[in-house]
Every structure is written in structure tokens, then in C-alpha cells.
Amino acid sequence: MTHLIEATGLTKHYEGFSLDGVDLTVDDGEVVGFVGKNGAGKSTTIKALLGLIGVDAGEARLLGQVSTGGDLAPEVRERIGVVFDTVSVPPHLKVGDVGRLYGRAFRTWEGHAFARRLKDFGLDAGKQVKELSRGMGMKLSLACALSHGSSLLILDEATAGLDPMAREEVLDMLRDFVAAPGRAILMSSHITSDLERIADRVVCIDEGRIVFDLAKDAITDEMGVARCRVADFERIASSGFVPESELRYQRHEYGIDVLVPDRYDFARRFPDVPCDRMTIDDYMTLMLKGGVR
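Next comes the structure, spelled out in C-alpha cells:
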């Protein structure tokens, strides 16, 4: 595997918050979902990866070149498409003028591809950026990121503000993008259902530290959430099915949710206890808020 992103020990201290020794890789052909609560460190990590903020320790490489400290060569920058959660072009520009601006900034700019994506997204080239809704602004940012020969996409809440049909359209474009050799995507999103449809791996950050880094299929295809009564919970805990020190659970008024590492094996062992498919949201909740026996 070739690392298109490789971060080791990224550390950045602010008053009241620290990014604490973050390790992160994204390999050729991968879509990596980056999740966590607001303020957990996702945007700080992305800015550190791109060299937009300095770090106190650690190093990041994008496409094989050191990026921490803002040292990326122009020819490497041109191969990285970035979408933040706000539109990063002057609001008075017309949509068509944005393409001309990018054409001067990127030697690899593909004007025909940009025009095609404006049409696909239903964007009016004569409209000013400030007239666009949040969702249409995100579409414009994505059209730009996909129109200058990028090998790596770094997306920070890129599907925020899009309606379900538009999100599906964008996800299809991202699938097509990463299908070509030598490409990868790091995608931060609160819409974890999007990540369940497109991600290969899911990395979760909380309070500036990586909490888990797992194959998406290990979460959604293998794990489960057992919906237990108190008596069921005690029976599962005493059975040794999950080591007691690893038994994660969350209590509710109506019962107890238990993290099950293999829902198929669990169903054989405890056929009378309902066990649902695990979602990324379920797993995050149990890992971040759940108790340990």
C-alpha cells in the first residue's frame, strides 16, 4: 500500500485544547471517514495536515512530501483537492469567474470538466457566490476540487447542507474519483450514513486523540448492538462471551445497549436477546459515552 496521507504524532497545543499525538494514514484507493464530536479535533487535524497551522510536534506527509510547516511544492499542491465547510472564494464573484480564477491558480485546471460539473450540479455560471445556498456552495467547492487533476481529496463536511438526492450524486462522483489508480479521499463528516455507503475505514477522534481506527465493514457487517434487559445483561457479562474488561454498554430507561463484537456468534449463543446491526453512530456512542464493565 502507498500512503497518500501519513501523519505521525501530530501535536498542537491551544489554551483549553490539544491535538495529542495523532497518527493517521490514508492509502491508495481508500476512502477514510474521519468522525468525532464538534470540537474533537477534526478540523485542527486537517489544517495541520495541509500545513495551514503550525504544529508543536509530529510530522505529516501528503503524496510523499512533508506538508507540516507549509512546505508542499506547488506541483504537489495542485494534486490535492480541498473542500472546507464554508465556500472559500470571494462572495462577489460569479460562479463562472471562480473557474477562471482557478484556471490562473492551477496549471492543471480542466475548464471543460468544471463546466460539465456546473451543469451536473445545476449551478448557474452567472450567479454570484453570495447568492448560493449552503448546499449549492458546497457543490461549487466540490466542482473546483474535482477539476484540477487531483490525486487526493480532503473533504471537511463536504456533504453538509445537501439534500439526500444531491448527496447521493456527490457520493457517486467520489466513488468514480477513487476508482482510478493512485487516488484516495479523507472525508470528515457528521453524516455517518454517507460514510457507511462510501468509506473503507473509519477513524474517530475525541478530545484531540484517536479513539479508534477500524475497517468500516468490521463495524457495520460484523458488530452488533444487543438490546438487553438487566437480567440479560448480567447473563451476558457472566458468560465470558466478551471479556469483562472490554464489555461496553450504555444504560437507557428502557434497558441496556451492549456492544457485541460478532453479532452472528452472539445470535447463536443468545437467541432470545435482540441484536441489531451496528451503525457508525452506534459504535461512536458506545465508545465515547458507554461504560466499561
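Just so we're aligned: 289 in our numbering is position 164 of the sequence shown, and the numbers increase by one with no gaps anywhere.
Virtual Cβ for every residue (Gly too), placed ideally from N, Cα, C.
Note that this is a predicted model, so its numbers are computed, not measured.
Query, Result
"Within 7 Å, strictly: CB atoms of Gly349 and Gln375", "no"
"Short Cβ contact (7 Å threshold) for Ser276 with Gly307", "yes"
"Beta-carbon spacing of Val201, Leu280 below 7 Å", "no"
"Three-state secondary structure assigned by DSSP to Val367", "coil"
"As assigned by DSSP and simplified to three states, the class of Glu131", "strand"
"Beta-carbon separation (whole angstroms), Arg352 vs Pro399, contact threshold 8 Å", "5 Å"
"DSSP state of Phe239 mapped onto helix, strand, coil", "helix"
"Contact set for Lys255: own chain, Cβ-Cβ below 7 Å, skip 5 residues either direction", "Pro216, His217"
"Supposed close pair Val147, Ile323 - CB separation, criterion 8 Å", "Contact doesn't hold; Cβ gap of about 23 Å is too wide."
"Start and end residues, beta strand (DSSP E) containing Thr345", "Taken as a continuous stretch (DSSP letters only), Thr345 belongs to no beta strand (DSSP E), as it is neither H nor E."
"Test item: CB-CB of Asp319 and Val156 under 7 Å", "no"
"Classification of Lys244 by the beta-carbon crowding that lies within 10 angstroms, buried from 16 upward", "exposed"
"Residues bridged to Glu256 (per DSSP)", "DSSP lists no partner for Glu256."
"Glu131 classed as buried or exposed, judged by whether at least 16 other C-beta atoms fall within 10 angstroms", "buried"
"Cross-strand partners of Ala182 (DSSP beta bridge)", "Thr136"
"Spatial distance of Ala250 from Thr233 (CA atoms)", "21 Å"
"7 Å Cβ cutoff met for Gly236 and Gly247", "no"
"Within-7 Å CB hit, Val328 to chain B", "In summary, chain B is missing from the structure at hand, where a single protein chain is found."
"Range of the contiguous beta strand (DSSP E) that encloses Phe209", "It is not in any beta strand (DSSP E) - Phe209 carries neither H nor E in the DSSP assignment."
"Option nearest Ala198 by Cα separation, candidates Thr211, Phe231, Thr136, Leu226", "Phe231"
"The segment 135 to 153 touching the segment 168 to 176, judged by at least three CB pairs closer than 8 Å", "yes"
"Test item: CB-CB of Val223 and Val214 under 7 Å", "yes"
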